[in-house]
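Residue numbers (my numbering), protein chains in the order written: chain U, 1 to 211; chain G, 1001 to 1250.
Here the structure comes first, spelled out in structure tokens, and everything after it is commentary.
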């Protein structure tokens, strides 16, 4: 949990602030009509951050950081016979090695996504404060206007699903590694690639079902 | 006692083991020898259940291990200790934690009892005061000895050793061989060693089976091996000029 959660906090924080800032600037750039209130920028940034940017982009980044680490750790244990040693001792190796990682994934990745949402919205605020496109007052008004709690539920479901996908796919790839160092690297790559693909599929399915 | 009955193992079209049978007795160093690719490690993995044989049975004191499910195998596995070719110590744990690992899982011992047992095992393999080191800080020979200490932590009835001398200098190899032989005799363990080290064969081979092209080609003891007329075995054991000269002196 510490490795997946605290260890990923730095990269998630940096990415989230920048994504929130960029989303705000680009939304403001596209909404130049006098008929549209400036506060709508805050609303669009909020919804896009909660619904898509924070859960999906965080998950894609975490599949690289956490997923590759899981696949290479378990893969190395496989090729150095540490998993065989567990099995010889009568330990259920998948249960012993993979279950804690999945539990950590489905608990810590949602926490990281919550942090990411908060920092993304903060990034938008900083972008407003640093430019004259939208005032910070308008931005905050936009954040508060017509908030739909369903977006938070969608975000929560996505982050749990993504956490499960990253940890289970990468654990699987690591567990069934055979060969040596080259194959461990290949397993880590496969784990990340498959996680990213499945995250995008799951993103589509959850959005379609819940929205 | 371990009984291996007519074991076959294939990987796709590749028949690695072809009808191997033997009996491994307690208190004896049972050696499986053979050239590279002869099926030694595959046979060992079939015996311990890391590979499922295509055909045949493995019996641990009369219990059919091959056809047991995972849960049924656990009581027998608790009685198995194994030293792997690369020691297979858990990287993230210290020497002490590695040895205490099976004790933590399968015993009700208190922490101090487990520590005492770990210290006893370490002392037994001449590695006193190395408790807090990580595997990465140990030499190859020390890793093997920690592997043996972990393997004997649960006082096993069966000890399996895969290539105990690989990557070790001759002197350390002899130390490891002698340690395996001492433990086997002291605790009356059924020990099965896969090796192609001739010092091990001549030094501790109470019972030897020689595999050739996936079949049991010869069976006997280290005393008999020097006088066999089996061509393939002679070609394997006495391949070097040194061993040929040693044979002539026998």
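Ideal Cβ placement from N, Cα and C applies to all residues, glycine included.
Using the Cβ count rule (16 or more neighbours within 10 Å means buried), how would you classify residue i?
| i | result |
| --- | --- |
| residue 1162 of chain G | buried |
| residue 176 of chain U | exposed |
| residue 1244 of chain G | exposed |
| residue 1196 of chain G | buried |
| residue 95 of chain U | exposed |
| residue 1132 of chain G | exposed |
| residue 173 of chain U | buried |
| residue 187 of chain U | buried |
| residue 1108 of chain G | exposed |
| residue 1155 of chain G | exposed |
| residue 1228 of chain G | exposed |
| residue 110 of chain U | buried |
| residue 181 of chain U | exposed |
| residue 1188 of chain G | exposed |
| residue 1012 of chain G | exposed |
| residue 74 of chain U | buried |
| residue 99 of chain U | exposed |
| residue 149 of chain U | exposed |
| residue 1049 of chain G | buried |
| residue 1136 of chain G | exposed |
| residue 947 of chain G | Within the shown structure, residues of chain G are numbered from 1001 to 1250, placing residue 947 of chain G beyond reach of any answer. |
Closest Cβ-Cβ distance between residue i and chain U: below 8 angstroms?
| i | result |
| --- | --- |
| residue 984 of chain G | Residue 984 of chain G falls outside the range modelled here, since chain G spans only 1001 to 1250, and no answer is possible. |
| residue 1086 of chain G | yes |
| residue 946 of chain G | Nothing can be reported for residue 946 of chain G: it is not among the residues displayed for chain G, which extend from 1001 to 1250. |
| residue 1007 of chain G | no |
| residue 1078 of chain G | yes |
| residue 1050 of chain G | yes |
| residue 1145 of chain G | no |
| residue 1194 of chain G | no |
| residue 1073 of chain G | yes |
| residue 1082 of chain G | yes |
| residue 1120 of chain G | no |
| residue 1070 of chain G | yes |
| residue 1060 of chain G | no |
| residue 1090 of chain G | yes |
With a threshold of 8 angstroms between beta-carbons, can residue i be considered close to chain G, or not?
| i | result |
| --- | --- |
| residue 118 of chain U | no |
Hey, how far is the Cα of residue i from the Cα of residue j?
| i | j | result |
| --- | --- | --- |
| residue 1182 of chain G | residue 1127 of chain G | 16 angstroms |
| residue 1112 of chain G | residue 3 of chain U | 30 angstroms |
| residue 102 of chain U | residue 164 of chain U | 6 angstroms |
| residue 196 of chain U | residue 1069 of chain G | 36 angstroms |
| residue 52 of chain U | residue 1079 of chain G | 53 angstroms |
| residue 1122 of chain G | residue 1149 of chain G | 6 angstroms |
| residue 29 of chain U | residue 97 of chain U | 49 angstroms |
| residue 1144 of chain G | residue 1203 of chain G | 18 angstroms |
| residue 154 of chain U | residue 32 of chain U | 30 angstroms |
| residue 204 of chain U | residue 1090 of chain G | 40 angstroms |
| residue 1191 of chain G | residue 69 of chain U | 37 angstroms |
| residue 209 of chain U | residue 202 of chain U | 10 angstroms |
| residue 1138 of chain G | residue 17 of chain U | 45 angstroms |
| residue 1087 of chain G | residue 1125 of chain G | 14 angstroms |
| residue 157 of chain U | residue 121 of chain U | 20 angstroms |
| residue 1168 of chain G | residue 1141 of chain G | 6 angstroms |
| residue 78 of chain U | residue 178 of chain U | 7 angstroms |
| residue 1152 of chain G | residue 1106 of chain G | 14 angstroms |
| residue 50 of chain U | residue 152 of chain U | 7 angstroms |
| residue 1063 of chain G | residue 1002 of chain G | 9 angstroms |
| residue 1277 of chain G | residue 90 of chain U | Given a span of 1001 to 1250 for chain G in the structure shown, any question on residue 1277 of chain G remains unanswerable. |
| residue 37 of chain U | residue 125 of chain U | 17 angstroms |
| residue 40 of chain U | residue 80 of chain U | 56 angstroms |
| residue 44 of chain U | residue 23 of chain U | 9 angstroms |
| residue 1174 of chain G | residue 9 of chain U | 51 angstroms |
Quick check: residue i and residue j, are their CB atoms within less than 8 angstroms of each other?
| i | j | result |
| --- | --- | --- |
| residue 258 of chain U | residue 166 of chain U | Residue 258 of chain U is absent from the structure shown; chain U starts at 1 and stops at 211. |
| residue 1218 of chain G | residue 1230 of chain G | yes |
| residue 6 of chain U | residue 55 of chain U | no |
| residue 1082 of chain G | residue 83 of chain U | no |
| residue 946 of chain G | residue 1165 of chain G | This structure does not reach residue 946 of chain G, given that chain G is present from 1001 up to 1250, and the question cannot be answered. |
| residue 1043 of chain G | residue 1076 of chain G | no |
| residue 1007 of chain G | residue 1208 of chain G | no |
| residue 11 of chain U | residue 65 of chain U | yes |
| residue 147 of chain U | residue 59 of chain U | no |
| residue 1206 of chain G | residue 1029 of chain G | yes |
| residue 25 of chain U | residue 131 of chain U | yes |
May I ask you to list, following chain order, the residues of the region 80 to 92 of chain U that have a beta carbon less than 8 angstroms from some beta carbon of chain G?
For the region 80 to 92 of chain U, the set of positions with a beta-carbon nearer than 8 angstroms to some beta-carbon of chain G reads 80, 81, 82, 84, 85, 87, 88, 89, 90, 91 and 92 in chain order.
Just by C-beta distance, which residues in the region 1012 to 1039 of chain G are closer than 8 angstroms to chain U?
Taking a C-beta cut-off of 8 angstroms against chain U, none of the residues of the region 1012 to 1039 of chain G qualify.
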